[in-house]
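Heads up: the structure comes next, in structure tokens.
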Amino acid sequence: MDKSKLTMNTLVNLCKNRGFVFQGSDIYGGFANTWDFGPVGVELKNNIKRAWWKRFVQEDPDTYGVDAAILMNPRVWEASGHVQNFGDPKMDCKNCKTRHRADTIIENFSKGTVSAEGMTDAEMEKYIEEHDVKCPNCGKRDWTPIRKFNPMFTTSRNMVGDGDQKDIVYLRPETCQGEYVNFANVRGSARAKVPFAIAQIGKSFRNEITPGNFLFRTIEFEQMELQMFCHFNDAMKFYESYKEKALNFVVDLGLSRENLRFHDHDKLAHYAKAACDIQYKFPIGWQELNGIHNRGNWDLSRHTEYSGKNMEYMDPFTNEKFMPNVVEYSIGADRLFLAILSEAYDEEVLENGETRVVLHLKPFLAPYKVAILPLQKNLSEKAKEVYAKLSKHFMCDYDEAGSIGKRYRREDEIGTPYCVTIDFDTLEDDTVTIRDRDTMQQIRLKVDELEKYISEKINF
Ligand code: ATP
């Protein structure tokens with residue numbers, strides 16, 4: 035199909051109808067910018083996370099995994115600068131009372147030709163005035179001044195005594211602090227030597243000013259990220275190597291190279307030495323998919339200062355004592371899910387003139403590896419036997435309702451790479467047909483050969 039015609043709406047509808055993603059709290063009219071992953075969505079998302087973990091933790095002897103708490107000591111967020119400085123430039127339209135991010139307004143207005151990344155609030159206000167940038171919602175220009183908006187969600191907890199006094203606790207807006215605070219724990223328990231990395235997959239929460247675009251920007255999302263702790267002299271080398279690894283990873287997950295590009299940040303955080311994103315061409319245009327940052331020694335220095343625990347490292351070979359630098363690689367699991375869906379989505383016109391919707395997912399990502407389809411209901415006993423056999427090894431779907439053609443179409447739409455059909459010959463000679471999703475070719479195999487045949491094709 036002509037992919038430039040693919041809209042976010044098409045993906046939202048497919049996701050809802052086929053059980054990938056539902057609106058959060060749907061029966062209550064939803065809860066804006068939250069999404070629930072359905073039966074096939076949770077499989078796809080788990081497969082994405084598994085692939086990431088395999089590539090970056092399992093296959094790398096110098097990377098250690100953790101699963102840190104979401105609720106952290108509030109001092110963590112003071113040390114990280116989030117309590118004081120974390121903030122997006124917010125502007126309200128006084129006419130229609132909608133809230134916007136000034137940088138996004140400018141970038142959208144200029145159709146991406148102007149980057150607001152390096153602009154101060156005053157420069158953004160000046161640009162908006164000089165270019166007469168209007169509210170995208172009501173078309174009026176009646177803006178409040180830009181104010182910083184802290185997108186950390188808060189909750190509270192009685193931390194001392196039983197009194198009524200409650201202390202503010204934050205829902206983490208990023209996972210990486212869980213790795214920084216465990217630097218010494220991991221180093222000591224794993225006898226890790228710098229350079230080494232700590233990786234984590236987990237939920238983050240941001241009270242985004244302008245969430246939206248389906249899974250692209252939500253208020254609760256999952257991050258897959260790692261922090262490489264290294265010597266200052268090695269940091270740029272690791273930065274470059276993670277740029278390459280990050281790109282290779284998403285290409286191996288099926289994103290095509292022409293839909294990916296690097297984007298260096300114009301403006302760096304004051305502590306950062308280098309930062310870039312990998313952008314993907316989503317149905318809404320080129321947008322950040324993941325970030326890679328050389329963060330200098332800011333993170334461990336700050337935690338040393340705020341916790342009073344010295345995070346310096348003594349190199350056992352050189353006897354040099356230094357504060358490790360951090361190279362961070364961070365990618366949103368939900369955003370990657372969306373990119374993979376839009377890349378895999380296809381509408382194909384068949385020889386008989388019908389159109390089929392198919393997700394060309396890499397087999398290791400597909401929610402179900404195989405669907406077991408008895409040609410007729412009275413073959414279900416044998417079909418269930420085959421299901422029981424194969425489901426010990428991988429996720430299988432089972433469907434006996436409707437015509438075989440319709441059942442194939444359904445499996446195509448959720449990206450099932452193989453369909454096994456049980457027919458009357460199966461009862462005679464224990465063979466089945468196995469249909470390939472992409473080519474629609476069918477071959478006949480013995481039931482006993484199925485597990486090996488499929489296993490070989492679903493490796494990552
Ligand atoms: P953006 O500029 O899009 O707000 P960011 O630069 O703030 O992103 P990071 O803090 O570097 O993002 O987070 C790392 C990754 O986490 C992003 O590249 C993205 O994949 C994902 N991510 C960040 N914010 C969200 C969100 N609100 N919804 C979904 N994914 C997100």
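Using the numbering used here, the letters of the sequence shown map in sequence onto residues 35 to 494. Note that CB positions come from ideal geometry on N, CA and C, so glycine has one too.
* To do: Look up Phe-356 in the DSSP assignment and say whether it is helix, strand or coil.
  => strand
* Asked: Do you know offhand how far Ile-374's Cα is from Ser-489's?
  -> 22 Å
* **Supposed contact pair Leu-393 and Gly-449 - C-beta distance, whole angstroms, cut 8 Å** => 3 Å
* Pairing CB atoms from the region 354–373 with CB atoms from the region 68–82, are three or more of them under 8 Å? -> yes
* DSSP-derived helix/strand/coil call for Met-125 -> Correct three-state label for Met-125: strand.
* To do: With a 10 Å radius around its C-beta and 16 neighbouring C-beta atoms as the bar for buried, classify Ile-139 as buried or exposed.
  => buried
* Beta-bridge pairing of Ala-405 - partner residues as DSSP gives them -> Looking at the DSSP assignment, Ala-405 forms a beta bridge with Asp-431, Cys-453.
* Keeping to the same chain, check which residues put their C-beta closer than 7 Å to that of Gln-211; ignore five residues upstream and five downstream. => Only Met-106, Val-110, Ser-114 meet the Cβ criterion.
* Asked: Any heavy atom of the ligand ATP closer than 8 Å to the CB of Asp-311?
  -> yes
* **Reduced DSSP secondary structure (H/G/I, E/B, other) of Gly-236** => strand
* Chain-order list of residues whose beta-carbon lies under 8 Å from that of Asp-96 (same chain, five-residue window excluded) -> Ala-226, Pro-229, Phe-230, Ala-231
* To do: Measure the CB-CB distance between Tyr-512 and Lys-491 and report whether it falls below 9 Å.
  => Past the boundaries of the shown model lies residue 512; the chain is included only from 35 to 494, so the question cannot be answered.
* Asked: In chain order, which continuous runs of the beta strand (DSSP E) of length 3 or greater are located wholly inside the region 149–217?
  -> 181–183, 188–191, 201–204
* **Ser-38 in three-state terms, based on DSSP** => helix
* Close-in-space but distant-in-sequence residues of the same chain around Ile-253 (CB under 7 Å, 5 per side omitted) -> Asn-67, Thr-68, Phe-239, Arg-240, Asn-241, Glu-242, Pro-245
* Asked: If you follow the alpha helix (DSSP H) that Ile-326 is part of, which residue opens it and which one closes it?
  -> Ile-326 -> not in any alpha helix (DSSP H); beta strand (DSSP E) instead, spanning 319–328.
* To do: State the Cα-Cα distance for the pair Phe-217 and Ile-312, rounded to the nearest angstrom.
  => 27 Å
* Please confirm if the region 380–389 is in contact with the region 356–365, defined as three or more CB-CB distances below 8 Å between the two stretches. => no
* Asked: Any heavy atom of the ligand ATP within a distance shorter than 8 Å of the CB on Phe-255?
  -> yes
* Work out the CA separation of Ser-341 and Asn-493 for me, nearest whole Å. => Linking Asn-493 to Ser-341 through their CA atoms gives a straight-line distance of about 44 Å.
* Buried or exposed: Tyr-421, going by 16 or more other Cβ atoms within 10 Å of its Cβ? -> buried
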